[in-house]
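Protein chains in written order, with the numbering used here: chain C, 1 to 281; chain F, 282 to 562.
Where a beta carbon is used, it is the ideal one built from N, C-alpha and C, also for glycine.
Given the structure is predicted, the values throughout are model-derived calculations rather than measurements.
The structure appears right after this line, and notes come after that.
This is the structure:
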């Protein structure tokens, strides 16, 4: 595996690979891998001739109250894990190479980003779409893999790819969970044992929603209320939002119909956790 | 010359050409060609193996008061002229293929677009950078040619290309003028004979500025005042702005130094004309 820091260099390499008709698979990450990241990397490996992974803690997608400065890092371990999977190129740019002086250009998906995560993190998706557009232009992947865990992100990226005519196929890979059901997240490391234990209610609330739907419930309000009640039984859990939306347009649904996304953000102690399930109704 | 309407189709063709290691030259236009456009096309032809020209009257770059609906068209003539130059592919998409239902993504250069043309046309450059980003992703050019006439546009596009890591070289080709000095523009056709005659003052004002600088004048205010006075002698001419800026950063200059851009927008009758010169001081 080659580790490359220069955007120009990896871009030239990828351009050459394209001209050799290699299929480039790509997974953009912020590093500090858990099994969730690695599952995306494995999917990309399977579907490509050459696998490129990027590690870049992107400042523009963090809000002023977010955890940019304390975001965890372990490049040495990340490298070892990528090598084991057979990653060919690891792209690890510096901030000053990605956002040089006078940087002035942003990519924004305007409406899909106003709801759900966009409400409490208004600049977040603008940072995500900007960095992903940059990385797509640098790496020129044929396929790129994102996680179902950040569902809205995947929907927004797909919209951007379609709208801006990027020549890349987006694959959304399933959420990886602990045995307890807790979705893997780099932010789980911030949880104390007690908080982690309380956080198990989150997956339980998704299962509750699923069971209600299986029993015929179609009223969005009723499902969200039951979920909220269950989560609020935990003293350290504070619901930011619970939402039920169309899984493609993200339109909020009063009555459940079609491909439905049930999602939430909940603070457990100081740590904000998100999770979701997609259900065909 | 092949005429192609489908973005997917031309994208596939261009991707194949890239893999055959062809150099793709590209000129994005809104059609209704004059010698100015054709000069850009000729530059691109010289520097490429395969020449792609697009004709698309892009709705998102017109403001509500702009001339989108009456923008002139003559596709038959345009085709003939392109064939004569040896254009290989003419891409003429429909609006609904470029901005399909649910379209939601925009590319914006934020600061460079707030001044000069951006003051009176606040959404204009956002429309330009969005369509050019789309066209770059579709055509995947190695080089793309823009005109010096729309100087700020060229600066903004270069900024976008650098910031979003597009793999394309931007060439800025000189402004083509009538013998009288009037810069060629599709909008000149809106001018009556009398208006056109008065519009000659515009080039004269640029020459005046040039002479003042050659005589040692470095005070931006004085140059702009003299230009304004000259233009205002024509009863149908109304100055929108006259500006002197650094030609790369577009920073307004009080004292002239370095690569300087002298530019203006002036309404002659109902028609808004722009022109500029770049001078090394």
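Start-to-end residues for the beta strand (DSSP E) that takes in residue i
i	result
residue 7 of chain C	It is not in any beta strand (DSSP E) - residue 7 of chain C instead sits in the alpha helix (DSSP H) that spans 7-19.
residue 398 of chain F	Here residue 398 of chain F belongs to no beta strand (DSSP E); instead the alpha helix (DSSP H) covers 398-401.
residue 272 of chain C	271-280
residue 89 of chain C	89-91
residue 386 of chain F	386-390
residue 147 of chain C	143-147
residue 172 of chain C	169-173
residue 283 of chain F	283-285
Boundaries (first-last residue) of the alpha helix (DSSP H) holding residue i
i	result
residue 438 of chain F	432-444
residue 359 of chain F	356-366
residue 416 of chain F	405-420
residue 469 of chain F	Residue 469 of chain F -> no alpha helix (DSSP H), and no H or E assigned at all.
residue 378 of chain F	376-379
residue 258 of chain C	Unbroken run through residue 258 of chain C: none, as it is neither H nor E.
Residue i beta carbon near the ligand NAD (any heavy atom closer than 8 Å)
i	result
residue 94 of chain C	Inclusion of the ligand NAD in the displayed structure is not the case, the ligand content being empty and no account of it being possible.
Chain-order list of residues whose beta-carbon lies under 8 Å from that of residue i (same chain, five-residue window excluded)
i	result
residue 18 of chain C	24 and 140
residue 499 of chain F	536, 537, 538 and 562
residue 4 of chain C	10, 13, 89, 90, 91 and 92
residue 73 of chain C	31, 32 and 57
residue 283 of chain C	The structure shown does not extend to residue 283 of chain C, since chain C is modelled only from 1 to 281, so the question has no answer here.
residue 493 of chain F	503, 504 and 507
residue 468 of chain F	348, 552, 553 and 554
Same chain only: Cβ atoms within 7 Å of residue i, ignoring 5 sequence neighbours per side
i	result
residue 43 of chain C	145, 171 and 173
residue 393 of chain F	436, 437, 440 and 531
residue 208 of chain C	226, 227 and 230
residue 81 of chain C	33 and 38
residue 238 of chain C	266 and 267
residue 558 of chain F	487, 491 and 543
residue 121 of chain C	63
Cut-off 6 Å between Cβ atoms - residues of its own chain near residue i, not counting five sequence neighbours on either side
i	result
residue 190 of chain C	271
residue 450 of chain F	424
residue 181 of chain C	203
residue 275 of chain C	183 and 202
Test: residue i CB closer than 9 Å to a CB of chain D
i	result
residue 271 of chain C	Reference to chain D is not applicable here, since the protein chains of this structure are C and F.
Requested in this report: Mind listing, in chain order, the continuous alpha helix (DSSP H) runs of no fewer than 4 residues lying wholly within the stretch 309-345 of chain F?
Outcome: 316-327
Requested in this report: Taking only beta carbons into account, state which residues of the stretch 3-20 of chain C come closer than 7 Å to chain F, listed in chain order.
Outcome: Answer in chain order: 7, 11, 15, 18 and 19.
Query - Whole runs of the alpha helix (DSSP H) within the stretch 477-530 of chain F, excluding any shorter than 4 residues - result: 501-513
Query raised in the report: Quick one, which residues of the stretch 377-406 of chain F are near chain C if we go by CB-CB under 9 Å, in chain order?
Result: 379, 380, 381, 383, 384, 385, 386, 387, 388, 389, 390, 391, 392, 393 and 394
Query raised in the report: Does the pairing of the stretch 469-485 of chain F with the stretch 539-556 of chain F give three or more beta-carbon distances under 8 Å?
Result: yes
Requested in this report: State whether the stretch 124-133 of chain C contacts the stretch 101-108 of chain C, with contact taken as three or more CB pairs (one from each stretch) at a distance under 8 Å.
Outcome: Taking one beta carbon from each stretch, the stretch 124-133 of chain C and the stretch 101-108 of chain C have 3 or more pairs nearer than 8 Å; the two touch.
Query raised in the report: Counting Cβ pairs closer than 8 Å, one from the stretch 330-342 of chain F and one from the stretch 360-378 of chain F, do we hit at least three?
Result: The answer is yes - the stretch 360-378 of chain F touches the stretch 330-342 of chain F, with three or more Cβ pairs under 8 Å.
Query raised in the report: Just by C-beta distance, which residues in the stretch 418-441 of chain F are closer than 7 Å to chain C?
Result: 418, 419, 440 and 441
Query raised in the report: What residues in the stretch 483-516 of chain F bring their beta carbon closer than 8 Å to a beta carbon of chain C?
Result: none
Requested in this report: Check distances from the C-beta atoms of the stretch 309-341 of chain F to those of chain C and list, in chain order, the residues that come in under 8 Å.
Outcome: none
Requested in this report: With 7 Å as the C-beta to C-beta threshold (strictly closer), list the residues of the stretch 441-474 of chain F near chain C in chain order.
Outcome: 441, 444, 445, 446, 447 and 448
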